[in-house]
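Visitor: The structure is given below, and queries will be raised subsequently.
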Amino acid sequence: MSLLISLRSELLKTKRTSLLYLCVCGAALVPVMTLFFDNESPESLATLKLDPWVRYLDEGSKVLSVVMLPMYIILICTLLPQLEFRNNAWKQVLTSPQSLGNIFAAKFLTIQLFILAFIVLFTLFTMASLLGVHFFRFNLDLFQRRPDWHNIATTNGTIYLTVLAVSGLQFWFGLRFKSFLAPVGIGFCLWVLAMMSAMEYHWPHASKIPYAFSLLALFPKYAAKVPLMLWSSLGYCIVFLTLAFLEFKMKKIKA
Amino acid sequence: MTQSLVIKTTALNYAYSRREPILQDIHLEVAQGSIYGFLGPNGSGKTTTLSLILGLLTMQQGSIELFGKQLAQDRIGILKRVGSLIETPSLYGHLTATENLEVYRPVYGVSRERINEVLKIVELEYAGNKTVKRFSLGMKQRLAIALALLNRPELLILDEPTNGLDPNGMIEFRQLIRKLNKMYGMTIIISSHILAEVEKMVTHLGIISKGKMLFQGSLKELPSLQQHQARLHVHTSDNEAAIRFLQEFKPARDRDRLLVEYTGIGQVAEINRILTRNELDVYLLHPKEHSLEQLFIDLTTIPNA
Chain A
244 MSLLISLRSE LLKTKRTSLL YLCVCGAALV PVMTLFFDNE SPESLATLKL DPWVRYLDEG
304 SKVLSVVMLP MYIILICTLL PQLEFRNNAW KQVLTSPQSL GNIFAAKFLT IQLFILAFIV
364 LFTLFTMASL LGVHFFRFNL DLFQRRPDWH NIATTNGTIY LTVLAVSGLQ FWFGLRFKSF
424 LAPVGIGFCL WVLAMMSAME YHWPHASKIP YAFSLLALFP KYAAKVPLML WSSLGYCIVF
484 LTLAFLEFKM KKIKA
Chain B
359 MTQSLVIKTT ALNYAYSRRE PILQDIHLEV AQGSIYGFLG PNGSGKTTTL SLILGLLTMQ
419 QGSIELFGKQ LAQDRIGILK RVGSLIETPS LYGHLTATEN LEVYRPVYGV SRERINEVLK
479 IVELEYAGNK TVKRFSLGMK QRLAIALALL NRPELLILDE PTNGLDPNGM IEFRQLIRKL
539 NKMYGMTIII SSHILAEVEK MVTHLGIISK GKMLFQGSLK ELPSLQQHQA RLHVHTSDNE
599 AAIRFLQEFK PARDRDRLLV EYTGIGQVAE INRILTRNEL DVYLLHPKEH SLEQLFIDLT
659 TIPNA
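These protein sequence lines are chains A and B, in that order. Numbering-wise, the first sequence is residues 244 to 498 according to the working numbering. Numbering-wise, the second sequence is residues 359 to 663 according to the working numbering.
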């Protein structure tokens, strides 16, 4: 109950913040751009017409898991703790009658809710974008088929689990650095390194890097490693959160 | 202090590094129902002490008791009975005044009506729907106090709350503090580096300098310290020689003058006789001012004062 109260407080703090705009606008960006600016080649259009829901959502999922979601996580994990740093509000939070565990957990859960909201919104905007393509650009016989909801839920669930590790690590960075630039810069560099090691250098151990999980999980080549990557993501997340909480608790100066 | 104590620290020591002790043997006692002025120059250890009392810093040595309980043993239970404002207001600029209070309302488990009550107490009921970034500093300070009052605290801890307030803001603030103490029986500890700011509202004083408590007691006890601390400004044709002749009066240099201790008017005449007997011209022989401000300055600046 007390965790729910802390969570409610955290959610209220996000009202009118860039976190909300980032969630909605970030999720809409790619679907909107695809609707207006994507020029389908005759071949890809033919492929799309074969199974528009599956193909279009698959393409969307790739963009989501490789670029949009990691970038979004890096930003929100920094922006949420910045609400306390920028408003000089840590001391008020820490002198309120909440356990440190609840304060910590409520902040992390808020981030997870924002991540889930982003994934759901991205999927909905992608579907709306496909409807737009059907009505305004090409007739795709869209209503002859139905979206595969089970596949959508499985894909989105997998994407969510692959980014858990990154969310844990970025959350730690966001809590420990007062500066906005440091966690964003470190996160971006780690993401670029992970992308390069997986795609450019094909490093055999790339599947052990948290920032590469969401990319590799989509490659058929790594299909067999997906369950391991999902467990690794969860394991990394627990380790990062434990370290982050210990540091949060032991910090000499708490505000 | 014979009343029950709301805050009691015993042998509190704190250091940010081994070479740099910030607090040394702090015994702070705040009696129930009092307005305790915690005074000291900047960097004297006030904020560190209050941060330790609120658990914002991890205690290193000593003990902290609030409401008769060890802070470490029942932190959450104690914080439910405390309201605080540490230096600058901790408010979310993008939220309205009401929303800022709503963030903490469920945490303290108080009703929605309480939000209007506290806004009324700090006279901000007209600004409940205004975002805090549009508030003046005085309004922010009052809203921060409203936040500290949300849980009907028995103890209010205010660290340098008048920083940046204009004279009108300070007057209003003093009235508010008196009102809270009188109407709600709240115990209030208020820190400042300017005695004049708190002198008119406190019932008890604690003076800290360089991490050590120099005085603690009620305002009534202060005159005895003043008596004990009575000093005379002396200026002669040869102050160095005067120091030698006035050893029994514990002379100390104070810029181009001397300060010597005395206990009665008769001793002023005696000091004059000693100086003239030793062929020194006496240019000045004047009791040092006994204002509270002067005493505070003496205690916190002059060595061996």
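All C-beta atoms in this analysis are idealised placements derived from N, C-alpha and C, irrespective of residue type, glycine included.
1. Which two residues bound the contiguous alpha helix (DSSP H) that contains A:L484?
2. List the DSSP bridge partners of A:Y264.
3. Let me make sure I understand the geometry here. Which of B:V461, B:E457, B:D517 has the alpha-carbon closest to that of B:G486?
4. Check whether the region 380-399 of chain A touches the region 287-301 of chain A, counting contact only when three or more Cβ pairs, one atom from each stretch, lie closer than 8 Å.
5. Using a Cβ-Cβ distance cut-off of 9 Å, determine whether B:G624 contacts chain A.
6. For a contact meaning CB atoms closer than 9 Å, what does A:T353 contact in chain B?
7. Can a CB atom of chain A be found closer than 9 Å to the CB of B:L449?
8. Going along the chain, which unbroken runs of the alpha helix (DSSP H) with 4 or more residues stay wholly within the region 585-614 of chain B?
9. So with Cβ pairs under 9 Å, would you call B:K404 a contact of chain A?
10. Quick check on A:P340 - is its C-beta less than 9 Å from some C-beta in chain B?
11. Pick from B:T489, B:Q533, B:R472: whose alpha carbon is nearest that of B:L505?
12. Which residues in chain B have a C-beta closer than 8 Å to the C-beta of A:T260? List them in chain order.
13. Just to confirm the assignment: which complete alpha helix (DSSP H) runs, minimum length 4, are found wholly within the region 290-359 of chain A?
14. Between B:A455 and the rest of its own chain, which residues show a CB-CB distance below 7 Å, the 5 nearest in sequence each way excluded?
15. Mind the definition here: the region 411-428 of chain B touches the region 460-474 of chain B only if three or more C-beta pairs lie below 8 Å; say whether that holds.
16. Taking the DSSP output, what are the residues bridged to B:N371?
17. Give the residues of chain B in contact with A:I319, contact being defined as C-beta atoms less than 9 Å apart.
18. Since A:A396 is in the alpha helix (DSSP H), which residue starts that stretch and which ends it?
19. My assumption, with CB atoms under 8 Å, is that B:V388 sits in contact with B:L363. Please give the rounded CB distance.
20. Looking at C-beta atoms only, is the number of pairs between the region 320-331 of chain A and the region 408-424 of chain A that lie closer than 8 Å three or more?
21. Note down, in chain order, every chain A residue with its Cβ under 7 Å from the Cβ of B:Y394.
22. For a cutoff of 9 Å on Cβ pairs, would you count B:L437 as touching chain A?
23. List, in chain order, every chain A residue whose beta-carbon is nearer than 8 Å to that of B:Y466.
24. Confirm, please, whether the CB-CB distance from A:L484 to A:P390 is below 9 Å.
25. Give the range of the beta strand (DSSP E) segment to which B:K498 is assigned.
26. At a cut of 8 Å, does the region 514-523 of chain B reach the region 537-553 of chain B through at least three beta carbon pairs?
27. Looking at chain B, which residues of the region 246-257 of chain A have a Cβ within less than 8 Å of any of its Cβ atoms?
28. Cβ of A:W434 less than 9 Å from any chain B Cβ?
29. What are the boundary residues of the beta strand (DSSP E) that B:K570 is part of?
30. On the premise that A:S476 lies in contact with A:T405, defined as a C-beta separation below 8 Å, what is that separation, rounded to the nearest angstrom?
31. So that I know if they touch, is there some Cβ in chain A lying closer than 9 Å to that of B:L429?
32. Exposed or buried, B:P525, counting other C-beta atoms within 10 Å across all chains shown (16 or more means buried)?
33. So B:L523 and B:L397 are supposed to be a Cβ contact under 8 Å. How far apart are they, rounded?
34. Is it buried or exposed, A:F357, if we count other Cβ atoms within 10 angstroms and call 16 or more buried?
35. Indicate the three-state DSSP secondary structure (helix, strand or coil) for A:V376 in the structure shown.
36. With a threshold of 8 Å on Cβ separation, who are the neighbours of A:L458 within its own chain once the five nearest residues in sequence on each side are excluded?
Guide: Once the coordinates are examined:
1. 469-493
2. For A:Y264, which the question treats as bridged, DSSP gives no partner whatsoever.
3. Nearest C-alpha to B:G486: B:E457.
4. yes
5. no
6. Per Cβ cutoff of 9 Å: no residues; A:T353 is ~13 Å from chain B at best.
7. At least one chain A Cβ lies under 9 Å of B:L449.
8. 597-603
9. no
10. yes
11. B:R472
12. H452
13. 295-306, 312-329, 333-337
14. L477, L482, A485, G486, K488, V490, L501
15. With a cut-off of 8 Å, the region 460-474 of chain B and the region 411-428 of chain B do not count as touching, because too few Cβ pairs lie within range.
16. B:Q419
17. The CB of A:I319 never comes closer than 9 Å to any CB in chain B; the least such distance is about 16 Å.
18. 392-405
19. 6 Å
20. Enough Cβ pairs lie closer than 8 Å, so yes.
21. Correct list: empty, because the minimum Cβ distance to chain A is about 18 Å.
22. Between B:L437 and chain A, the shortest Cβ-Cβ separation is below 9 Å.
23. Within 8 Å Cβ-Cβ: S339, P340.
24. no
25. That residue, B:K498, is in no beta strand (DSSP E); its alpha helix (DSSP H) goes 495-507.
26. yes
27. I248, S249, R251, S252, L255, K256
28. no
29. Secondary structure note for B:K570: its beta strand (DSSP E) is the uninterrupted segment 570-576.
30. 5 Å
31. no
32. exposed
33. About 17 Å separates the two Cβ atoms, so there is no contact after all.
34. buried
35. helix
36. S308, V309, A437, M438, A441, M442
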